[in-house]
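To convert, take the position in the sequence shown, counting from 1, and add 3; that gives this note's numbering. C-beta: ideal position from N, C-alpha, C; glycine also. This report concerns only the one structure given below.
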Amino acid sequence: MKNRLKQLRMEKGLTQEELGNQLGLANNTISRYETGSNEPTKSETWQALADYFNVSVPYLQGKILFIDLSEDEQRIFTDVLDVLITTTDNKAIHVLEALLNSFKECYFEEHTRIAPEKK
4 MKNRLKQLRM
14 EKGLTQEELG
24 NQLGLANNTI
34 SRYETGSNEP
44 TKSETWQALA
54 DYFNVSVPYL
64 QGKILFIDLS
74 EDEQRIFTDV
84 LDVLITTTDN
94 KAIHVLEALL
104 NSFKECYFEE
114 HTRIAPEKK
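This is the structure we're talking about:
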């Protein structure tokens, strides 16, 4: 699984050297992190990178697809993804249908509560 470090760095218009200088890391270290030939060994380094880009560590690591999920939502998403990857096609379809129905119910309930029907 490839991390998003290069993508996020380029979106900010930074060189590897500039990012390294701002975080106290060598540009060749940044290069190795981006290519996946090496990863931060300390969780503090992952956290510093994530904080710099204002994203979560799992998003930076490429473990989740979305930036704005809460920790609980990220955990649920990851758990569901694991189930989908390890199940048969029919079971995966049922899981996806249940998730879609649940999402529709939550979405409808939230928008009805926020903007009740006009009389």
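Practice item. State buried or exposed for Glu47, treating a residue as buried only when at least 16 other CB atoms are found within 10 Å of its CB. Key: Here residue 47 is taken as the residue at index 44 of the sequence shown, counted from 1. Exposed, since its Cβ has fewer than 16 Cβ neighbours within 10 Å.
**Study point:** Cβ-Cβ separation, Tyr62 to Phe26 (assumed contact under 8 Å), whole Å
**Key:** For this step, residue 26 is matched to residue 23 along the sequence shown. For this step, residue 62 is matched to residue 59 along the sequence shown. Residue identity differs from the one stated: residue 26 is Leu in this sequence, not Phe. Not a contact, Cβ separation roughly 17 Å.
Check your understanding: Quick one: what's got a C-beta closer than 6 Å to Pro43's C-beta in the same chain, skipping five residues either side?
Key -> As a first step, residue 43 is located in the sequence shown; it is residue number 40 there, counting from the start. Taking C-beta separations shorter than 6 Å and ignoring five residues to either side along the sequence, the partners of Pro43 in its chain run Trp49, following chain order.
Review point. Can you tell me whether DSSP reads Ser40 as helix, strand or coil?
Key: Residue numbering aside, residue 40 sits at position 37 when the sequence shown is read from its first letter. Note: Ser40 maps to coil in three-state DSSP.
Review point. Are Ile67 and Phe80 closer than 9 Å when you measure CB to CB?
Key: The count along the sequence shown starts at 1 and reaches residue 67 at position 64. The count along the sequence shown starts at 1 and reaches residue 80 at position 77. The beta carbons of Ile67 and Phe80 sit closer together than 9 Å.
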